[in-house]
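Undergrad:
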Amino acid sequence: MSAKMRTGQTAEIPGPKKAHVIPQPKVAASLIKKAKRPLLVVGSNAPKLKTNDGDLVDSAIRFLKTGVAVVATGHLVKTFRDRGTEVYSMPFMNLGDRLTDPDWAGFDGEGPYDIVVFVGSLYYMEWLVQSGLKSFAQDLRTLSLSNTYQPNASWSMGSMPVKNWLTALDEILKELEEEK
Amino acid sequence: MSKKDLRLKIDELSSSIGVFKGLDIQIGRIVDDEWDEPMGPTPFPSIGTLRDWDRKLLERYKPFYMPLCDLCCLCTFGKCDLTGDKKGACGLTMAAQQSRIVLLACCIGASTHCAHARHMMNHLIKVYGRDHTLDIAINTNVQAPNTRLVCGIRPKTLRDLEDALDYVETQLVQLVATAHTGQEGDNIDFESKAFHAGMLDHVAMEVADACQISTLDFPKGVADAPMTEIGFGSIDTSKVVIMCIGHNVLPSVDIIDYLMENKLFEEVEVGGLCCTAHDNSRYDKRAKVLGPISWQLRYIRTGIPDVVVVDEQCLRTDIVDEAQKIGAPVIATSEKSMLGLPNRTHDPPDEIVDDLVEGRTPGVLILEPDKVGEVAVKTAFKMKPKRAGFKPLSMEKLIELAGTCRSCIKCVRACPNNLPIMDAVKAAAEGSVDALAEIQPMCVGCARCESACPQNLPLVSFLTKAADEKGMTDSFAIRVGRGAVTDVEIREVGRGIVFGEIPGIVALVGCANYPRGGLEVADIAEEFLKRRFIVVATGCAAMDLALRKDEDGLNLYEKYPGNFDAGGLLNIGSCVSNAHITGAAIKIANIFAKRPLRGNYEEIADYVYNRVGAVGIAWGAMSQKAASIASGCWRLGIPVIVGPHGAKYRRNLLGRADKEEDWMTLDGRTGEEKYVGPVPEHLFYSAETLEEAMVMTAKLSMRPNDTTKGRAVKLSHYIDLHKTYYGAMPDDLHLYVRVEADVPFTMKKEVLGIIKDKGWEEGKIGMLDPTLLDRMVRRKS
């Protein structure tokens, strides 16, 4: 297994079906750009994760501005509200459950999401939710943008030093912003 | 009781010696004909008896599976990849496999309590006799409500409890058999069986606690149970120290008895970890509660214990190795955890002591509790001076060792909470242990970091040393486990709970696998105590909520009363005392609402589900026992919230608030089916953050039966917590306001404006006599 596929927690090893490693940030951006209804899931760890924008909440707000729907899990929505931004809010478990329902029409009622992008979650919770989606929402594409490999996503960033991850995240956002 | 070995009943018998009328011959047990309550429909239910009830719940709360492993490796066909819609060689799907593992976890948990109860009962029967009368709680007629409800028997003596335990053991064998290759294949049927295991668990726990309360003179449901001390600072290290770890109090009772008989208690500290500590203190308040199970390695590493006595459950299985490092002998006392030690049960105590003191063996196995006390105390006294030279890790050594860190980050990747151990070690190498001290409270004590470290750094010792100054000197008050909630208490609060005027019962239970440290349990408890919920606690959670003092130096046990009433904080006791929590819910249905209890599971569960606003929170749930305890709550209709690690139980049971059709409920008065709103929304739910859990707790306390006043009280808490932690009004209030009178008075204008914008109409959500059981409808239209 390559270093990029080293999981964020030692024992959380992949099953036979494992995530493709995103080779370049622009590939991740391209996956999001090509999607008709992308959804960004921002986990409760986001305020603790520093980025070039400030923290992951600030980066998520940049995503939102590119037209990607954003949902905050846990009680993270308050942090967005404190920064003057309104996003969707749903518990992580509920969200995972809804995403397994092909009839769920999303937060806006406009239809199912076709790619779900994850950042800022507790590693093992994201691992588990994506495991559920891998088996019970097989048509849904998932993308993990953490700096540690998430084997149960469809695609995941490879494990990398924080410095490289910050650059990659910035590149993805710039690609999306250029598109807009 | 209803079971007997042989009963022959003949109306009339003619024989050569005469005519006999009304002949009733019994061989073995005497049938309890004094209980005038008629037998309900489901005494001693088999694994399929309550399937219809389970399916009603599981149709509403569908499992969301999160496989922890994509493979099945339980037979030689395997490994089989079950990812997606693949099936195993036996035909099993991923959903069925996940629920099968849930079932097995619940069976392990229930078996553990059952085996504990059996061991305890056998011993106590030997000492006190089968006819020893049960005396579980003061002011209480409805003793052992779980046993009455499930088994349809009314236990009065230890002998009667044997019938309940025989039943539980038989059922558990049936349940495990269903998990064999080529047996059950449907995930919902597996889930129903997991519910069955949980229900059995509450009977087994009740038996275990009923035995020990009745014979060992534990507190019997008293609100003012004695206070003892908790924390490292509670131990006077100048004394001989015996450390007892586990859940089965019998060996520790013998230690305490031996100390009292020999007038040695003033010279010895008996400190316990986990539920043995609770039960030690229930037996004698001079016994100290060191802390939750996660502290065992941390405490041993201090080098303070002179002897370590282990009984069963949640022990570190490397305890002998760890104790050897500090030169303390181990006495194992259970066949379930023999740890490779020589069985010295039948040897003279002084010979055993001699071998332990001279180090000829690192520990011994003594299976007779009555011998443990003498051996443990004598050994501890002799070890104390021998161990005087032991020095725990020094700060100088810590800093020196920290300098050998290779920065491989394996410690962080091994840590369940991904704590930044490596950075803290690097800082320590530079001379500052502040970072180590900062992360120590969030350490769950598993030592996976040490196993992963290529330099074999004693990282748990690093954390302990860094936090030394604070952690080692603190001592806190803890009210000892009081046991059951009394009938009188239930009479006084039943109405307030059922009508919703007491906003809810919050049960803080379970283990110490916390995402961000144990003080979060104190946060939850205090939040709901201030809001006048009834807060009950057991196990590690009951300990952790004690570990913080306010500015006046008082902790929650000192600030809140111990009675079962609004704003009361009850330490119910150890893990097996969890049965008193479900027992209280059952007794509300029986005593307040006068619903028949005897073998009448569905009706009582239906009542609890629709009327009793109880919510379980197992914030640090770790074990299979925690799984089965929760499962027993689910079948009874009590929702359970776990922390983020609880998602590793592989599935949640989640309602869909957006699907109106899922929340149709019968009106017991008319038989009409009406929408009641998503109350309670979930049955088993993993929260990501503490704040999310608190908001969800308030929401899950709502029930269809709430009066308008009760619903307004509950909504006010839900709204207030939501505004505090989410920064805005909830966006789902239209699902919970049934009529305008439900809206808290001070929020009326704002709330009505919001819900009317969502298309809310008064009367759309029914206010009825709620039931999921067709047979409970009194009059059909």
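Residue numbers (the working numbering), protein chains in the order written: chain E, 2 to 181; chain Y, 17 to 797. We put the CB at the ideal spot given by N, CA and C, even for glycine. Treat the numbers as computed from the prediction; the structure is a model and nothing was measured.
Would you mind sorting ALA293 (chain Y) into buried or exposed? The rule is 16 or more other CB atoms within 10 Å of its CB.
TA: Taking the second sequence and counting its residues from 1, the one referred to as residue 293 (chain Y) is at position 277. Burial call: buried.
Undergrad: Tell me whether ASN53 (chain E) is buried or exposed, calling it buried when 16 or more other Cβ atoms sit within 10 Å of its Cβ.
TA: Reading the first sequence from its first residue, position 52 is the one you call residue 53 (chain E). Per the 10 Å Cβ criterion, exposed.
Undergrad: Quick check: ARG429 (chain Y) and ALA468 (chain Y), are their CB atoms within less than 9 angstroms of each other?
TA: As a working note, residue 429 (chain Y) is residue 413 in the second sequence. As a working note, residue 468 (chain Y) is residue 452 in the second sequence. Closer than 9 angstroms, so yes.
Undergrad: Does any CB atom of chain Y fall closer than 9 angstroms to the CB of THR11 (chain E)?
TA: By 1-based counting over the first sequence, the position of residue 11 (chain E) is 10. Closer than 9 angstroms to some Cβ of chain Y, the Cβ of THR11 (chain E) qualifies, so yes.
Undergrad: Any Cβ of chain Y within less than 9 angstroms of the Cβ of GLU179 (chain E)?
TA: Locating residue 179 (chain E) in the first sequence gives position 178, counting from the first residue. No, GLU179 (chain E) lies away from the interface with chain Y (no Cβ there is under 9 angstroms from its Cβ).
Undergrad: Would you report the Cα separation of VAL393 (chain Y) and GLY356 (chain Y), rounded to the nearest angstrom?
TA: As a first step, residue 393 (chain Y) must be located in the second sequence, where it is residue number 377. As a first step, residue 356 (chain Y) must be located in the second sequence, where it is residue number 340. VAL393 (chain Y) and GLY356 (chain Y): Cα-Cα distance of roughly 22 angstroms.
Undergrad: Report yes if the C-beta distance between ASN594 (chain Y) and MET259 (chain Y) is below 9 angstroms; otherwise report no.
TA: Locating residue 594 (chain Y) in the second sequence gives position 578, where the first residue counts as 1. Locating residue 259 (chain Y) in the second sequence gives position 243, where the first residue counts as 1. No, the pair does not count as a contact, with Cβ atoms beyond the cut-off.
Undergrad: Considering only residues of the region 61–96 of chain Y, which uninterrupted beta strand (DSSP E) runs meet the minimum length of 3 residues and lie entirely inside it, listed in chain order?
TA: Listed in chain order, the complete beta strand (DSSP E) runs (minimum 3 residues) inside the region 61–96 of chain Y are 78–81.
Undergrad: Compare the C-beta of SER78 (chain E) with all C-beta atoms of chain Y and state if any pair is closer than 9 angstroms.
TA: By one-based count along the first sequence, residue 78 (chain E) stands at place 77. Note that residue 78 (chain E) is Val in the sequence shown here, rather than Ser. It does; some Cβ of chain Y falls within 9 angstroms.
Undergrad: By how many angstroms is the C-alpha of ASN434 (chain Y) removed from the C-alpha of LEU417 (chain Y)?
TA: Working through the second sequence from its first residue, we reach residue 417 (chain Y) at position 401. Working through the second sequence from its first residue, we reach residue 434 (chain Y) at position 418. Approximately 21 angstroms between the Cα atoms of the pair.
Undergrad: Flag this pair as touching only if the region 190–203 of chain Y and the region 616–627 of chain Y have three or more C-beta atom pairs under 8 angstroms; answer yes or no.
TA: The region 190–203 of chain Y, when compared against the region 616–627 of chain Y, does not touch it at the 8 angstroms Cβ threshold.
Undergrad: LYS18 (chain E) and MET6 (chain E) - do their beta-carbons sit closer together than 9 angstroms?
TA: Numbered from 1 along the first sequence, position 5 holds the residue referred to as residue 6 (chain E). Numbered from 1 along the first sequence, position 17 holds the residue referred to as residue 18 (chain E). No, these two residues do not count as a Cβ contact at 9 angstroms.
Undergrad: Is there contact between the region 75–94 of chain Y and the region 669–685 of chain Y, where contact requires at least three CB pairs shorter than 8 angstroms?
TA: A contact exists between the region 75–94 of chain Y and the region 669–685 of chain Y.
Undergrad: Can you name the residues of chain Y whose CB is closer than 8 angstroms to the CB of GLN139 (chain E)?
TA: Locating residue 139 (chain E) in the first sequence gives position 138, counting from the first residue. Chain Y residues near GLN139 (chain E): GLY100 and ASP101.
Undergrad: Hey, is ASP56 (chain E)'s beta-carbon within less than 9 angstroms of any beta-carbon in chain Y?
TA: Locating residue 56 (chain E) in the first sequence gives position 55, counting from the first residue. No, ASP56 (chain E) lies away from the interface with chain Y (no Cβ there is under 9 angstroms from its Cβ).
Undergrad: Does ILE670 (chain Y) come within less than 9 angstroms of chain E when only Cβ atoms are used?
TA: Walking along the second sequence from the start, residue 670 (chain Y) turns up at place 654. Note on residue identity: the sequence assigns Leu, not Ile, to residue 670 (chain Y). With 9 angstroms as the cut-off, LEU670 (chain Y) counts as an interface residue toward chain E.
Undergrad: Hey, out of Y:LEU232, Y:ALA133 and Y:LYS575, whose CA is closest to LYS546 (chain Y)'s CA?
TA: In the second sequence, counting from the first residue as 1, residue 546 (chain Y) sits at position 530. Of Y:LEU232, Y:ALA133 and Y:LYS575, the residue nearest in Cα terms is Y:LYS575.
Undergrad: Compare the C-beta of ASP97 (chain Y) with all C-beta atoms of chain E and state if any pair is closer than 9 angstroms.
TA: Taking the second sequence and counting its residues from 1, one reaches residue 97 (chain Y) at position 81. Yes, ASP97 (chain Y) counts as interfacial toward chain E.
Undergrad: Chain E beta carbons: is any one of them nearer than 9 angstroms to that of LYS442 (chain Y)?
TA: Looking up residue 442 (chain Y) in the second sequence gives position 426. No, no contact with chain E.
Undergrad: How about TRP311 (chain Y) and LEU331 (chain Y): are their beta carbons less than 9 angstroms apart?
TA: On the second sequence, position 295 is the one that residue 311 (chain Y) refers to. On the second sequence, position 315 is the one that residue 331 (chain Y) refers to. Contact flag unset, no.
Undergrad: For chain B, check one thing: does any of its Cβ atoms lie closer than 9 angstroms to the Cβ of PHE80 (chain Y)?
TA: Among the chains of the structure shown, chain B does not appear; the protein chains present are E and Y.
Undergrad: Strictly below 7 angstroms CB to CB, what residues from chain Y border ARG82 (chain E)?
TA: As a working mapping, residue 82 (chain E) is identified with position 81 in the first sequence. Residues of chain Y passing the Cβ test: GLY743 and ALA744.
Undergrad: Under 9 angstroms, do VAL552 (chain Y) and ILE518 (chain Y) count as touching if we go by C-beta distance?
TA: Numbered from 1 along the second sequence, position 536 holds the residue referred to as residue 552 (chain Y). Numbered from 1 along the second sequence, position 502 holds the residue referred to as residue 518 (chain Y). Not in contact: VAL552 (chain Y) and ILE518 (chain Y) (Cβ atoms no closer than 9 angstroms).
Undergrad: How far does the alpha helix (DSSP H) with PHE492 (chain Y) in it reach, from first residue to last?
TA: As a first step, residue 492 (chain Y) must be located in the second sequence, where it is residue number 476. Run containing PHE492 (chain Y): none in the alpha helix (DSSP H); it sits in the beta strand (DSSP E), 492–495.
Undergrad: According to the neighbour-count rule (16 or more other Cβ atoms, all chains shown, within 10 Å of its Cβ), is GLN228 (chain Y) buried or exposed?
TA: Taking the second sequence and counting its residues from 1, the one referred to as residue 228 (chain Y) is at position 212. Flag for GLN228 (chain Y) reads buried.
Undergrad: Apart from the five residues just before and just after MET17 (chain Y), which ones in its own chain have a Cβ nearer than 6 angstroms to its Cβ?
TA: The sequence position of residue 17 (chain Y) within the second sequence is 1, counting from 1. Its pLDDT being 43, under 50, MET17 (chain Y) is placed unreliably in this model, and the value from its coordinates should be taken loosely. If we look at MET17 (chain Y) and ignore the five residues flanking it on each side, its Cβ neighbours are ASP48, ILE169, ASP176 and ASP179.
Undergrad: Need the endpoints of the alpha helix (DSSP H) that PHE211 (chain Y) sits in, please.
TA: Position 195 of the second sequence, counted from the start, is the residue given in the question as residue 211 (chain Y). It spans 203–232 - the alpha helix (DSSP H) in which PHE211 (chain Y) sits, taken as one unbroken run.
Undergrad: Please report whether the beta-carbon of THR74 (chain E) lies at a distance below 9 angstroms from any beta-carbon of chain Y.
TA: Along the first sequence, read from residue 1 onward, the residue named residue 74 (chain E) stands at position 73. For THR74 (chain E), the answer is yes, since a Cβ of chain Y falls inside 9 angstroms of its Cβ.
Undergrad: Could you give the C-beta distance for GLY636 (chain Y) and ALA528 (chain Y), rounded to a whole number, given that I count them as a contact under 8 angstroms?
TA: Here residue 636 (chain Y) refers to the residue found at position 620 when the second sequence is read from its first residue. Here residue 528 (chain Y) refers to the residue found at position 512 when the second sequence is read from its first residue. Their Cβ separation, rounded to whole angstroms, is 5 angstroms, which keeps GLY636 (chain Y) and ALA528 (chain Y) in contact under 8 angstroms.
Undergrad: So, LYS304 (chain Y) versus ILE251 (chain Y), is the Cβ gap smaller than 9 angstroms?
TA: Taking the second sequence and counting its residues from 1, one reaches residue 304 (chain Y) at position 288. Taking the second sequence and counting its residues from 1, one reaches residue 251 (chain Y) at position 235. Yes; because the gap between Cβ atoms is below 9 angstroms, this pair is in contact.
Undergrad: Of all Cβ atoms in chain E, is any one closer than 9 angstroms to the Cβ of SER702 (chain Y)?
TA: Along the second sequence, one-based indexing puts residue 702 (chain Y) at 686. Yes, SER702 (chain Y) lies at the interface with chain E (some Cβ there is under 9 angstroms from its Cβ).
Undergrad: Does any residue of chain E have a CB that is nearer than 9 angstroms to the CB of PRO694 (chain Y)?
TA: Along the second sequence, one-based indexing puts residue 694 (chain Y) at 678. Judged by the 9 angstroms Cβ criterion, PRO694 (chain Y) is not in contact with chain E.
Undergrad: I want to verify the contact list: residues of chain Y whose CB lies under 9 angstroms from the CB of GLY121 (chain E), in sequence order.
TA: Along the first sequence, one-based indexing puts residue 121 (chain E) at 120. What GLY121 (chain E) touches in chain Y: nothing, since even the nearest Cβ is about 11 angstroms away.
Undergrad: In whole angstroms, what is the alpha-carbon distance linking SER491 (chain Y) and VAL58 (chain E)?
TA: Numbered from 1 along the second sequence, position 475 holds the residue referred to as residue 491 (chain Y). Numbered from 1 along the first sequence, position 57 holds the residue referred to as residue 58 (chain E). Taking the straight line joining both Cα atoms gives about 40 angstroms.
Undergrad: Name the chain Y residues that come within less than 7 angstroms of VAL130 (chain E), Cβ to Cβ?
TA: In the first sequence, the residue the question calls residue 130 (chain E) occupies position 129. Simply MET82.
Undergrad: What residues of chain E sit near ALA463 (chain Y), judged by a beta carbon separation below 9 angstroms?
TA: In the second sequence, residue 463 (chain Y) corresponds to position 447, counting from 1. In chain order: nothing, as chain E lies at least about 14 angstroms away.
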